[in-house]
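Novice:
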Amino acid sequence: MTYLAKSPWIIHYDASSCNGCDIEILACLTPMYDVERFGIINTGNPKHADIFVVTGSVNEQNREVILNIYNQMPDPKVAVAVGICATSGGVFRECYNVAGGIDKLIPVDVYVMGCAARPESIIDGIVTALGILEKKRSEGASAPVVTDHHMNKEHHKHAEGGVQ
Amino acid sequence: MINIVWGIVFVLLAPVIGGLVAGIDRKITARMQGRVGPSILQPFYDVGKLFEKEQAVVNETQIFYAICYFIFMIFTGALFFASGDLLLVVFALTLAQIFLVLGAFSANSPYSYVGAERELLQIMAYEPMVIITAVGMYVATKSFNVGDIATTTVPIVLLLPGIFLGFLYVLTIKLRKSPFDISTSHHAHQEIVKGVTTEFSGPSLGLIEITHWYETIFLLGFVYLFFGFNPLIGVVAVIIVYLLEILIDNTNARVKWQLAVKSSWLIAIIVGVVNLAALYFLAGGVP
Ligand code: SF4
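Chains as they are written, first to last, in the numbering used here: chain A, 90 to 253; chain B, 3 to 289.
This is the structure:
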């Protein structure tokens, strides 16, 4: 019997998202979808969170922030990339400033498709993440502290196919 | 005089009842907002979850302070329910609260600092009213002993209507409800990240949560004291008071700390002191 799956607290970070996905995440908290009935709470504090929900793609401004939030979360933890931007860079993939999806930086456990991702699929993604969270707990796995190897290397900044 | 049995009953049952109260609170809050809301056992799931998480702390002293907060809050409540001295209970409560502030100060983080400072301001805000309440109870019943006050035949609430209202006012601060949830708050509310609890995570946060359940039960016990002359009215009053707090929580926006401190002092001076003075004059001078 575990409590982890009954009380997932999320922290949401907007990494260069167009706000479309963010609004859909907030829609999940409204009376219409009410994710609190599953015990899901949107915390603003990485130290209280179990699930890291990221929207938008990695760029030079938010690399450090994403790493910082992820590394501050206590184990067990999972990362969910919401929206196609967070998954691969999406329509912004080829922008000069975009490095690609969140998995360029941190290990992502669940990808939620859509542009913008629908609240139903976001909830589905979080529920999938719960299974992974539970698995990580039973294995006693602790996520390694993630560091950014590409931080200072100019030629690795962009997604493949992007402007090099 | 000391009634050990009630003290032990408190230590064992308060977390159970306190957790249920928190769960019902969340359910009612959700219904008030037109949501379905979590299960009423949700607070237990949350705390169970927190104990499954990794203990990530800034330094070890933080855990020590969290444990002290826990122990002294239990001490406060147990002393109260074991018919201890009301003044001692009030001071033990402050001591417990101070440990939480120290815990927040011991982590070198700006959010934690701001939360700790706001917690100190809150203590400053509610303390005068709580002490006036204790004094009022003494004037009404000629005893500081909780057992005597709880079993008195004097209808305390009729003698201390002003003090009762003033106590309800600061109860909102103590229960960390809007509009006075300025240092940290419940549910998913955020203020300066998470105030005093920002730097606590995993088991130590769970401990703080359980401590808060103890505190809730202790405070509701305090409300009961006003109605000690009739247990039935007492229990009903306690329930109504808590529902009222939930209503206030959901219909008010958070205020600035200046207003919280000023207004609670003003209330303490106006209703508290006037009530006390009236009681003295009605009793025909100083007893
Ligand atoms: S996936 Fe679409 S809606 Fe979401 S952040 Fe990217 S562009 Fe915006």
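Glycine included, C-beta positions come from ideal geometry on N, C-alpha and C.
Give a yes or no on whether 8 angstroms exceeds the smallest Cβ distance from B/Asp-48 to chain A.
Specialist: Your numbering for residue 48 of chain B matches position 46 in the second sequence. So, interface residue.
Novice: What do you get for B/Ile-241, buried or exposed, if any count of 16 or more other CB atoms within 10 angstroms of its CB means buried?
Specialist: For the purposes of this step, residue 241 of chain B is taken as the residue at position 239 of the second sequence. Exposed, because fewer than 16 other Cβ atoms sit within 10 Å of the Cβ of B/Ile-241.
Novice: For A/Ala-183 and chain B, any beta-carbon pair shorter than 8 angstroms?
Specialist: Taking the first sequence and counting its residues from 1, one reaches residue 183 of chain A at position 94. Note that residue 183 of chain A is Glu in the sequence shown here, rather than Ala. Not an interface residue.
Novice: Does any residue of chain B have a CB that is nearer than 8 angstroms to the CB of A/Leu-219?
Specialist: One-based indexing of the first sequence puts residue 219 of chain A at position 130. So no, A/Leu-219 is outside the interface.
Novice: What distance in whole Å lies between the Cβ atoms of B/Pro-181 and B/Ala-255, which are believed to be in contact at a cut-off of 8 angstroms?
Specialist: The residue you call residue 255 of chain B lines up with position 253 of the second sequence. The residue you call residue 181 of chain B lines up with position 179 of the second sequence. A Cβ-Cβ separation of about 6 angstroms places B/Ala-255 in contact with B/Pro-181 under the 8 angstroms criterion.
Novice: Would you mind stating whether B/Leu-207 and B/Ile-69 have Cβ atoms separated by less than 8 angstroms?
Specialist: Counting from one through the second sequence, the residue named residue 207 of chain B turns up at place 205. Counting from one through the second sequence, the residue named residue 69 of chain B turns up at place 67. Not in contact: B/Leu-207 and B/Ile-69 (Cβ atoms no closer than 8 angstroms).
Novice: Given this structure, state the Cα-to-Cα distance separating B/Val-237 from B/Tyr-244, to the nearest angstrom.
Specialist: Translated into the one-based positions of the second sequence, residue 237 of chain B becomes position 235. Translated into the one-based positions of the second sequence, residue 244 of chain B becomes position 242. For B/Val-237 and B/Tyr-244, the distance between alpha carbons rounds to 11 angstroms.
Novice: Would a check of beta-carbon distances place A/Lys-95 closer than 8 angstroms to chain B?
Specialist: In the first sequence, the residue the question calls residue 95 of chain A occupies position 6. Yes, contact with chain B.
Novice: Measuring CB to CB, does A/Ala-206 end up less than 8 angstroms from A/Gly-190?
Specialist: The count along the first sequence starts at 1 and reaches residue 206 of chain A at position 117. The count along the first sequence starts at 1 and reaches residue 190 of chain A at position 101. No, Cβ-Cβ distance for A/Ala-206 and A/Gly-190 is not below 8 angstroms.
Novice: How big is the Cα-Cα spacing for A/Ile-99 and A/Ala-168?
Specialist: For this step, residue 99 of chain A is matched to residue 10 along the first sequence. For this step, residue 168 of chain A is matched to residue 79 along the first sequence. Looking at the two C-alpha atoms, the distance is approximately 10 angstroms.
Novice: Leaving out the 5 sequence neighbours to the left and right, which residues in its chain are closer than 7 angstroms to B/Ala-16 when beta-carbon positions are compared?
Specialist: Within the second sequence, residue 16 of chain B is the residue found at index 14, counting from 1. So the list reads Gly-79, Trp-215, Tyr-216, Ile-219, once near-sequence residues are dropped.
Novice: Just list the alpha helix (DSSP H) runs in the region 97-168 of chain B, keeping only unbroken ones of 4 residues or longer that don't cross its boundaries, in chain order.
Specialist: 112-143, 148-152, 158-161
Novice: Under 7 angstroms between beta-carbons, which chain A residues line up against B/Ser-185? List them in chain order, please.
Specialist: By 1-based counting over the second sequence, the position of residue 185 of chain B is 183. Residues of chain A passing the Cβ test: none, with the nearest at roughly 14 angstroms.
Novice: Chain A beta carbons: is any one of them nearer than 8 angstroms to that of B/Ala-118?
Specialist: As a working note, residue 118 of chain B is residue 116 in the second sequence. Output row for B/Ala-118: interface = no.
Novice: So, is the C-beta of A/His-101 closer than 8 angstroms to a C-beta in chain B?
Specialist: Along the first sequence, read from residue 1 onward, the residue named residue 101 of chain A stands at position 12. Cβ-Cβ to chain B under 8 angstroms: no for A/His-101.
Novice: Residues of chain B with CB closer than 8 angstroms to the CB of A/Asp-123, please, in chain order.
Specialist: Stepping through the first sequence from its first residue, residue 123 of chain A is reached at position 34. Correct list: Ala-32, Arg-37, Val-38, Gly-39.
Novice: Compare the C-beta of A/Gly-133 with all C-beta atoms of chain B and state if any pair is closer than 8 angstroms.
Specialist: Your numbering for residue 133 of chain A matches position 44 in the first sequence. Closer than 8 angstroms: yes.
Novice: Are the region 146-154 of chain A and the region 101-111 of chain A in contact at 8 angstroms, needing three or more beta carbon pairs?
Specialist: yes
Novice: What residues in its chain sit with their C-beta under 7 angstroms from that of B/Leu-22, if we drop five residues either side in the sequence?
Specialist: Reading the second sequence from its first residue, position 20 is the one you call residue 22 of chain B. Apart from sequence neighbours up to five positions away, the residues of its chain that approach B/Leu-22 with a beta-carbon distance below 7 angstroms are Ile-42, ordered along the chain.
Novice: Could you work out which residue in B/Leu-221, B/Leu-170, B/Lys-176 is closest to B/Gly-274 when comparing CA atoms only?
Specialist: Looking up residue 274 of chain B in the second sequence gives position 272. Of the listed residues, the one whose Cα sits closest to B/Gly-274 is B/Leu-170.
Novice: Which class does A/Ala-188 belong to by DSSP, given the choice of helix, strand or coil?
Specialist: Translated into positions along the first sequence, residue 188 of chain A becomes position 99. In the structure shown, A/Ala-188 sits in a strand (DSSP, three-state: E or B).
Novice: Between the region 43-75 of chain B and chain A, which residues of the former have CB atoms less than 7 angstroms from a CB of the latter, in chain order?
Specialist: Gln-44, Tyr-47, Asp-48, Gly-50, Lys-51, Glu-54, Lys-55, Glu-56, Ala-58
Novice: Over the uninterrupted beta strand (DSSP E) stretch that includes A/Ile-130, give me the two end residues.
Specialist: Along the first sequence, read from residue 1 onward, the residue named residue 130 of chain A stands at position 41. Per DSSP, the continuous beta strand (DSSP E) segment holding A/Ile-130 begins and ends at 130-132.
Novice: Could you give the distance in angstroms between the alpha-carbon of B/Val-60 and the alpha-carbon of A/Cys-117?
Specialist: By 1-based counting over the second sequence, the position of residue 60 of chain B is 58. By 1-based counting over the first sequence, the position of residue 117 of chain A is 28. Approximately 33 angstroms between the Cα atoms of the pair.
Novice: By the three-class DSSP mapping on this structure, what secondary structure does B/Val-49 have?
Specialist: What you label residue 49 of chain B is simply residue 47 of the second sequence in a count that begins at 1. Helix, per DSSP.
Novice: Does any residue of chain A bring its CB to less than 8 angstroms from the CB of B/Lys-196?
Specialist: Position 194 of the second sequence, counting from 1, holds the residue named residue 196 of chain B. Taking 8 angstroms as the threshold, the shortest C-beta distance from B/Lys-196 to chain A falls below it.
Novice: Would the C-beta of B/Gly-168 count as close to ligand 1, meaning under 7 angstroms from any of its heavy atoms?
Specialist: In the second sequence, residue 168 of chain B corresponds to position 166, counting from 1. The answer is no for B/Gly-168.
Novice: Nearest to B/Thr-174 by CA position, among B/Ser-265, B/Ala-84, B/Phe-231, B/Gly-117, is which residue?
Specialist: Start at 1 with the first residue of the second sequence, and residue 174 of chain B comes out as number 172. Comparing Cα positions, the closest option is B/Ser-265.
Novice: I'd like the ranges of any alpha helix (DSSP H) spanning at least 4 consecutive residues and lying wholly in the region 130-158 of chain A.
Specialist: Counting whole runs of 4 or more residues, the region 130-158 of chain A contains no alpha helix (DSSP H) stretch at all.
Novice: Which stretch, first to last residue, makes up the beta strand (DSSP E) that contains A/Val-199?
Specialist: Locating residue 199 of chain A in the first sequence gives position 110, where the first residue counts as 1. A/Val-199 -> beta strand (DSSP E) spans 199-201.
Novice: Does B/Leu-102 come within less than 8 angstroms of chain A when only Cβ atoms are used?
Specialist: Position 100 of the second sequence, counting from 1, holds the residue named residue 102 of chain B. Chain A, which has no Cβ nearer than 8 angstroms to the Cβ of B/Leu-102, makes this no.
Novice: Which class does A/Met-213 belong to by DSSP, given the choice of helix, strand or coil?
Specialist: Locating residue 213 of chain A in the first sequence gives position 124, where the first residue counts as 1. Sequence check: residue 213 of chain A is Asp here, not Met. Residue state, collapsed to three classes: helix.
Novice: State yes or no: is the C-beta of A/Asp-111 within less than 8 angstroms of the C-beta of A/Thr-144?
Specialist: As a position in the first sequence, residue 111 of chain A is number 22, starting the count at 1. As a position in the first sequence, residue 144 of chain A is number 55, starting the count at 1. Result yes, Cβ atoms of A/Asp-111 and A/Thr-144 sit closer than 8 angstroms.
Novice: Measure from the alpha carbon of A/Ser-283 to the alpha carbon of each residue in A/Phe-181, A/Asp-164, A/Lys-193, A/Glu-113, then state which is nearest.
Specialist: Given that chain A is displayed from residue 90 to residue 253, the structure contains no residue 283 of chain A and the question cannot be resolved.
Novice: Taking all protein chains shown into account, decide if A/Gly-220 is buried (16 or more other Cβ within 10 angstroms of its Cβ) or exposed.
Specialist: For the purposes of this step, residue 220 of chain A is identified with residue 131 of the first sequence, where counting begins at 1. Exposed is the call here.
Novice: So does A/Ser-106 have its beta carbon nearer than 7 angstroms to some heavy atom of ligand 1?
Specialist: Against the first sequence, residue 106 of chain A aligns to sequence position 17. Yes, the Cβ of A/Ser-106 comes within 7 angstroms of a heavy atom of ligand 1.
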